[in-house]
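>
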Amino acid sequence: MTQSGLDRRTLQEQAFQSLRSRIINGDLLPGTRIVEADESARLGVSRGTLREALRELEQQGLLIRDPRRVVYVRKLTSKEIIDVYGVRGALEVLAARSICEDADPELRLANSRALRQHAERLAEAQAVGSAVDEVAADLSFHEKLCELSGNTILLNQWRQMAALIRAMLTSGHRRLSAGWSHVPASIPEHHVQIVEALEAGDFKRVSEILVTGFKRSSEFLASSS
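Mind the numbering: the sequence shown is residues 75 to 299 in this note's numbering, read in order.
Dropping the structure here:
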């Protein structure tokens, strides 16, 4: 690749990361129109470079293009929210099963300790009261759960959905009253319960906690979409 090609790729990546960050942090809410002229000027890139970044964000499910080729931040329907959580739940329950079925008690204990550290980060973020940090810490815990399964295909599938889930959760917080938090006081406690059940190898208990939590979250977000 030529130097000009490398420079173009670098600018495209910068544009992609900037827009992605604004979407997943709730600065660009679902339904917001992306005006190419405004964004290319704001980012200091050409229209062509911006379009490449927009296509990449479309592939991640964060943007959508209407029949007139106008680009918007994707707004999920109630059914899509339920569907996303259904797939997420299936992946995480499978990850939990893999961890619980590990015959090595020392490895299971080490995995539980790693998860406990992530659970503590959520409690710390909640104490600060930042919606962005709370959502990031919550998803970090669940990503670690998938990682500890040792199933790279499962983990990659989860990560493909992560940006969309994070955007959905953060924007949900921003749309609702300032007093509402994505992470109720019970969520850090639920994370600790997940860790304890994994330490005991109690898959049934872990599954119940995950399924119940995801059902509650998906129904709440779907009702407010």
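Every residue gets a Cβ at the ideal spot worked out from N, C-alpha and C, and that includes glycine.
1) Use the C-beta contact count for P141: other C-beta atoms within 10 angstroms, 16 or more gives buried, fewer gives exposed.
2) Ignore the nearest five residues each way along the sequence and tell me which others in L272's own chain have a CB closer than 8 angstroms to its CB.
3) Look up L137 in the DSSP assignment and give the residues it is bridged to.
4) May I ask which residues mark the beginning and end of the alpha helix (DSSP H) holding S214?
5) What's the C-alpha gap between V109 and N230?
6) Tell me which residue opens and which closes the alpha helix (DSSP H) that R166 is part of.
7) Any idea what DSSP makes of R107, helix, strand or coil?
8) Rounded to whole angstroms, what's the CA-CA distance from Y146 to D112? Just pull it up for me.
9) Quick one: what's got a C-beta closer than 7 angstroms to I98's C-beta in the same chain, skipping five residues either side?
10) Just how far apart, CA to CA, sit G135 and I268?
11) Cβ of V266 within 8 angstroms of Cβ of A193?
On the basis of the data shown:
1) Against the sequence shown, residue 141 aligns to sequence position 67. Under this definition P141 is an exposed residue.
2) Here the question's residue 272 lines up with position 198 in the sequence shown. Cβ within range, chain order: A170, I173, C174, R182, N185, S186, L189, V280.
3) For the purposes of this step, residue 137 is identified with residue 63 of the sequence shown, where counting begins at 1. Bridge partners of L137: V147.
4) On the sequence shown, residue 214 is found 140 positions in, with the first residue counted as 1. 205-222 is the extent of the alpha helix (DSSP H) around S214.
5) Counting from 1 along the sequence shown, the entry for residue 109 is found at position 35. Counting from 1 along the sequence shown, the entry for residue 230 is found at position 156. Whole-angstrom Cα-Cα distance: 31 angstroms.
6) Here residue 166 refers to the residue found at position 92 when the sequence shown is read from its first residue. Contrary to the premise, residue 166 reads as Glu rather than Arg in this sequence. Run containing E166: 152-174, per the alpha helix (DSSP H) assignment.
7) Residue numbering aside, residue 107 sits at position 33 when the sequence shown is read from its first letter. Here R107 sits in strand by DSSP.
8) As a position in the sequence shown, residue 146 is number 72, starting the count at 1. As a position in the sequence shown, residue 112 is number 38, starting the count at 1. C-alpha separation (whole angstroms): 14 angstroms.
9) Here residue 98 refers to the residue found at position 24 of the sequence shown. A237, R240, A241, T244, listed in sequence order.
10) Counting from 1 along the sequence shown, the entry for residue 135 is found at position 61. Counting from 1 along the sequence shown, the entry for residue 268 is found at position 194. Roughly 29 angstroms separates the two Cα atoms.
11) Here residue 266 refers to the residue found at position 192 when the sequence shown is read from its first residue. Here residue 193 refers to the residue found at position 119 when the sequence shown is read from its first residue. Cβ distance < 8 angstroms, so V266 and A193 count as in contact.
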